[in-house]
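**Student:**
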Amino acid sequence: MPEFSEKQITELLGEDRPPLFPGCQPRMFSTSTDNTMRLWNLKSGEEKRLLWQHTGPVLALSVEFELNLAVTGSGDETLMLWDLTEEAQEEPVQRVFRGHEGLVNGVEADFLNRKFLSSCTDGTVKLWDMDNEEKCVRTMEGRDGHVGPVCSISAEWLSLQALSGGQDQIVRLWDLETGKCVIKMEGHTGPVWTVNLDPECRKAVTGSVDRHLMIWDLRSKSCVRAMLQHSRPVTDLKVDWMTSQAMSASVDRSLIHWDLDAAEPLHKFEKHPGSVWCLDVDWIGRHMVTGAGPGDKFIYLWDFSDGFLEKEIMGHEGSVWALAVDWKVAHKAEEAALGIGIVQEDDEEEKPASPKKKSGRRRSSVAKDAARPSSRMATPAPQGS
Numbered sequence: 018m019p020e021f022s023e024k025q026i027t028e029l030l031g032e033d034r035p036p037l038f039p040g041c042q043p044r045m046f047s048t049s050t051d052n053t054m055r056l057w058n059l060k061s062g063e064e065k066r067l068l069w070q071h072t073g074p075v076l077a078l079s080v081e082f083e084l085n086l087a088v089t090g091s092g093d094e095t096l097m098l099w100d101l102t103e104e105a106q107e108e109p110v111q112r113v114f115r116g117h118e119g120l121v122n123g124v125e126a127d128f129l130n131r132k133f134l135s136s137c138t139d140g141t142v143k144l145w146d147m148d149n150e151e152k153c154v155r156t157m158e159g160r161d162g163h164v165g166p167v168c169s170i171s172a173e174w175l176s177l178q179a180l181s182g183g184q185d186q187i188v189r190l191w192d193l194e195t196g197k198c199v200i201k202m203e204g205h206t207g208p209v210w211t212v213n214l215d216p217e218c219r220k221a222v223t224g225s226v227d228r229h230l231m232i233w234d235l236r237s238k239s240c241v242r243a244m245l246q247h248s249r250p251v252t253d254l255k256v257d258w259m260t261s262q263a264m265s266a267s268v269d270r271s272l273i274h275w276d277l278d279a280a281e282p283l284h285k286f287e288k289h290p291g292s293v294w295c296l297d298v299d300w301i302g303r304h305m306v307t308g309a310g311p312g313d314k315f316i317y318l319w320d321f322s323d324g325f326l327e328k329e330i331m332g333h334e335g336s337v338w339a340l341a342v343d344w345k346v347a348h349k350a351e352e353a354a355l356g357i358g359i360v361q362e363d364d365e366e367e368k369p370a371s372p373k374k375k376s377g378r379r380r381s382s383v384a385k386d387a388a389r390p391s392s393r394m395a396t397p398a399p400q401g402s
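Note that my numbering has the sequence shown beginning at 18, numbered continuously upward.
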């Protein structure tokens, strides 16, 4: 039997780990096939609120924590705009949007400009005005649209473009001003379940039932890298374009942390006993939450720098389908504890006035570390068969 040092035992038991979210209690929202959305205290794992208005599985979620607003999409063919403030607990739904004729499986919202996109199994992508539930602004379908269900959507609101993936195995880029498909890309051999669009709309990453992740160059309209490590369909994907990192989830019960520049896996995480359907990632703080089912119905909180499972959260009665965490509040609390981003009055008096004077704000060491993938690499995952 191998012998472990005292340091190794301490690390395995997690007794020497830094405190979790010091000085704050981040909020997390989750949705599920049990028809509910729930609010959690991520630090304690305590359920704070149950929101039950949909009559079908809640499959899509977009949250703006500072404005206390959310949009959800459901298998009941509706979308709902939620007021998440304490004052609205009795009547949290502001508006209900109808017009789809299938399961609404994707939502991307621009809360500042009061609009959002939805994708649906009825084969359409719709653009909505948050202040008008009577009729959508635009429907993207027809000759240039998907043949069959649309499975996923990703929007860049500054450029007014969106990327969609379909059951027809095709990835499409849309001009949201005209509603026209401007780029059509083929390469996957299965339905495209998750897509992520680069802020400059030059690149994209997609995941599919064919088990591959693909990196696309939108200028050449072609796939430049295909990555195969998952052994079953890829269900969700998050990308940090600043540092060329990605995290993917799969029906094979695993998550993989990727270096997109090298198109290679950095770490593989395999503690969920059920299929992993969703995730939300804090690239700066090196945490992520993941949701699964059927079987475990758990939400896991990870430190993905070393794969340590910080917390297991259970409360949903169905598969967990979407997650959103207020990571910003954790960053602000850590910076306040470190004295980062605070300009001291004494420092200001010592500095001579200058039109080119630099700001007193400094970037935290946490943010610097997040600018590159962790050097503590796990053994790469085996190639999928």
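We treat Cβ as the ideally placed atom computed from N, Cα and C, and that holds for glycine.
1) Quick one: grab the DSSP three-state call for ALA263.
2) Going by DSSP in three states, TRP145 sits in which element: helix, strand or coil?
3) Can you list, in chain order, the residues of its chain with a C-beta nearer than 7 angstroms to that of GLU329? Leave out the 5 residues immediately preceding and following it.
4) Measuring alpha carbon to alpha carbon, tell me which of THR141, GLN178, GLY196, SER79 ends up nearest GLN184.
5) Residue range of the alpha helix (DSSP H) that VAL346 falls in?
6) So, with DSSP's three-state summary, where would you put ARG66?
7) Could you spell out where the beta strand (DSSP E) holding VAL75 opens and where it closes?
8) Identify whether GLY159 lies in helix, strand or coil by the three-state DSSP scheme.
9) Find the nearest neighbour of VAL346 within the set ASN52, GLU81, SER47, ARG34, judged by alpha-carbon distance.
10) For ILE301, which residues does DSSP report across the bridge?
11) How many angstroms separate the CA atom of GLY302 from the CA atom of MET54?
12) Indicate the three-state DSSP secondary structure (helix, strand or coil) for GLU104 in the structure shown.
13) Compare the C-alpha of VAL256 against each of ASN58, SER61, HIS274 and name the closest.
14) Candidates ASP253, SER292, PRO282, GLU281: which alpha carbon is nearest ASP269's?
15) Classify LEU296 as helix, strand or coil using the three-state DSSP reduction.
16) Report back the beta-carbon spacing between TRP319 and HIS304 to the nearest angstrom; my notes put them in contact at under 8 angstroms.
17) Under 8 angstroms between the Cβ atoms of LYS187 and LYS201?
18) Straight-line CA distance for CYS218 to GLU334?
19) With distance defined between alpha-carbon atoms, name the residue in PRO311, MET45, GLU83 nearest to LEU129.
20) Please go through the same chain and pick out, in chain order, the residues whose beta-carbon is closer than 6 angstroms to the beta-carbon of GLU118, but skip the five residues on each side of it.
21) So what does DSSP say about ASN122, is it helix, strand or coil?
22) Are SER91 and VAL337 closer than 8 angstroms when you measure CB to CB?
23) What does a CB cutoff of less than 6 angstroms around GLU250 pick up in its chain, not counting 5 residues either side in sequence?
24) Please list the terminal residues of the continuous beta strand (DSSP E) segment that includes TRP419.
25) In the DSSP assignment, the beta strand (DSSP E) including SER169 goes from what residue to what residue?
26) DSSP puts GLN178 in a beta bridge; with which residues?
27) For GLY312, which residues of its own chain have a beta-carbon under 8 angstroms away from its beta-carbon, when the five flanking residues on both sides are left out?
28) For PRO43, which option in LEU59, ASP51, PRO36, ASP33 has the closest C-alpha, if you only look at C-alpha atoms?
29) Going by C-alpha to C-alpha distance, which of MET157, LYS220, LYS132, PRO36 sits closest to TRP145?
30) Could you please give the first and the last residue of the uninterrupted beta strand (DSSP E) stretch that includes ARG55?
31) Going by other Cβ atoms of all chains shown within 10 Å of its Cβ, with 16 needed for buried, is ARG189 buried or exposed?
32) Contact defined as beta carbons within less than 8 angstroms: I believe LEU78 pairs with VAL121. What is the distance between those atoms, to the nearest angstrom?
33) Leaving out five residues on either side along the sequence, give the residues of the same chain with a beta carbon under 8 angstroms from the beta carbon of ASP278.
34) Out of ASP343, GLY207, GLU327, VAL241, which one is the CA nearest neighbour of ARG34?
35) Quick check on this structure: which residue in LYS65, SER136, VAL164 has the alpha carbon closest to the alpha carbon of VAL212?
**Tutor:** Judging by the given coordinates:
1) strand
2) strand
3) PHE315, TYR317
4) THR141
5) 344-355
6) strand
7) 75-81
8) helix
9) GLU81
10) Paired residue(s): none; ILE301 is not in a bridge.
11) 25 angstroms
12) helix
13) HIS274
14) SER292
15) strand
16) 7 angstroms
17) Per the sequence presented here, residue 187 reads as Ile, with Lys not at that position. Yes, Cβ-Cβ distance for ILE187 and LYS201 is below 8 angstroms.
18) 38 angstroms
19) GLU83
20) ASP139
21) strand
22) no
23) The question names Glu, yet the displayed sequence has Pro at residue 250. Excluding sequence neighbours, PRO250 sits near VAL226, VAL268.
24) Lying before the first or after the last residue shown, residue 419 is absent from the chain, which here runs from 18 to 402.
25) 167-173
26) GLU173, ASP192
27) PRO290, GLY291, SER292
28) LEU59
29) LYS132
30) 54-58
31) buried
32) Wrong, their Cβ atoms sit about 11 angstroms apart, outside the cutoff.
33) SER261
34) GLU327
35) SER136
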